[in-house]
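> My questions will all concern the structure given below.
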Amino acid sequence: MSQTYQNLTIETDDAGIAVLTVNRPDKLNALNSDVMSDLEGAILKLRHSDRVKGIIITGSGDKAFVAGADIKELTDLNNFSGTMLSERGQQIFNMIEQSHKPIIAYVNGYALGAGCELAMACHLRIASENARFGLPEVSLGLIPGYGGTQRLTQLIGKGRALELILTGTPIKADKALQMGLVNSVFTAEEGLEASKSVLKTILQRGPVAVGKAIEAVNAVFDAPGKGYHVEAEAFGALCGTIDFKEGTTAFLQKRAPSFNGN
Ligand code: COA
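Per this note's numbering, residue 13 is the first one in the sequence shown, and the count goes up by one each step.
Right under this line is the structure:
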């Protein structure tokens with residue numbers, strides 16, 4: 013099966029492995045609202061397809077997995093629309109996390125902001141040696157809004173999560189491995205096949221058991237669940253600040269931001 017969306021490609025092999033590739037290489041696969049809609053539709057479809065047993069999400073080109081939410085699109089946000097955008101992103105990534113079919117992120121380059129959040133919503137993360145992980149939103153006067161504050165803390169603990177989120181400084185694949193943010197690292201030549209090989213192992217196990225295992229592990233983090241709401245409200249509030257306008261404008265003008273704390 014081969015299906016093409018405007019911003020994604022999907023190739024499914026005879027083993028039932030669907031490789032979903034975010035395909036916007038000229039913008040380093042940044043997630044604008046069209047890509048998010050495609051992603052939502054594709055995941056829904058793949059989850060319900062009898063032919064598809066497991067999914068790999070990756071990015072097109074050799075430079076980026078996904079370099080974040082589309083910053084140009086963010087500039088129009090206000091308090092209300094910012095919260096709505098965050099809640100919608102949380103909902104789509106939550107759908108990935110809750111899938112009973114296993115989903116592996118093959119991170120083949122930059123996984124920044126929403127790209128890192130997308131990878132973290134997947135059940136496993138396999139990286140190429142050139143991958144870079146980071147949540148640089150504070151450099152834009154923002155915070156991660158698609159579940160990143162919650163999932164990074166779950167994966168690597170509060171101290172290291174705060175270090176990455178507050179500095180906004182990306183880390184290399186080997187450090188991400190050391191921190192437990194990724195499961196394994198391969199060369200760019202081997203990474204996709206290695207991801208398929210891990211997925212094939214999972215697909216040999218009882219599919220109902222695999223689905224229930226995902227559900228049970230996710231349930232560790234179910235209660236109290238307030239963090240996602242706090243994140244979306246904070247994301248929206250920041251969209252009404254002068255610092256946010258300055259941070260996003262500075263990125264688009266290819267200059268360093270000058271924040272004044274308003
Ligand atoms: N949103 C929108 N456009 C983006 C983008 C994003 N998150 N990330 C990259 N792009 C665009 C650039 O604007 C550029 O477009 P242009 O050719 O029309 O100018 C193109 O993708 C290539 O990126 P560029 O910055 O020239 O590549 P680089 O190799 O110099 O730097 C990065 C790569 C990833 C370090 C840099 O693009 C970057 O910092 N991106 C933003 C990361 C970020 O803050 N993500 C969180 C967003 S919430």
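All C-beta atoms in this analysis are idealised placements derived from N, C-alpha and C, irrespective of residue type, glycine included.
This one's a predicted model, so the numbers in the text were calculated from it and none came from an experiment.
Consider the C-beta atom of TYR122 and the heavy atoms of ligand 1; say whether any pair is separated by less than 7 Å.
yes
> Return the chain-ordered list of same chain residues with a C-beta closer than 7 Å to the C-beta of PHE233, the five sequence neighbours on each side being excluded.
GLN166
> Skipping 5 residues on each side, what residues in its chain have a beta carbon closer than 8 Å to that of ALA244?
THR95, SER98, GLU99, GLN102, GLY157
> Let's test the definition: count the other Cβ atoms within 10 Å of the Cβ of GLN162 and tell me whether it reaches 16, buried, or not, exposed.
buried
> Counting only beta-carbon atoms, is VAL64 nearer than 8 Å to chain D?
No chain D appears in this structure, which consists of one protein chain only.
> GLN110 to LEU136, Cα distance in whole Å?
13 Å
> Entirely within the region 115–194 and at least 4 residues each: give me those alpha helix (DSSP H) ranges in chain order.
126–133, 160–168, 170–179, 185–191
> What is the rounded straight-line gap between the Cα of THR87 and the Cα of SER49?
19 Å
> Are LEU51 and LEU89 touching if we call contact CB-CB under 8 Å?
In this structure, LEU51 sits away from LEU89, with a CB-CB distance that is not shorter than 8 Å.
> Quick check: is any heavy atom of ligand 1 less than 7 Å from the C-beta of ALA81?
ALA81 Cβ: within cutoff of ligand 1.
> So, at 6 Å on beta carbons, what are the nonlocal neighbours of LYS65 in its own chain, with the 5 sequence-adjacent residues on each side left out?
In chain order, GLY28, LEU215 place their CB closer than 6 Å to the CB of LYS65, counting only its own chain and leaving out the 5 sequence neighbours on each side.
> For THR70, report the span of its beta strand (DSSP E) as first-last.
66–71
> With a threshold of 16 other CB atoms inside 10 Å of the CB of VAL220, please say whether the residue is buried or exposed.
exposed
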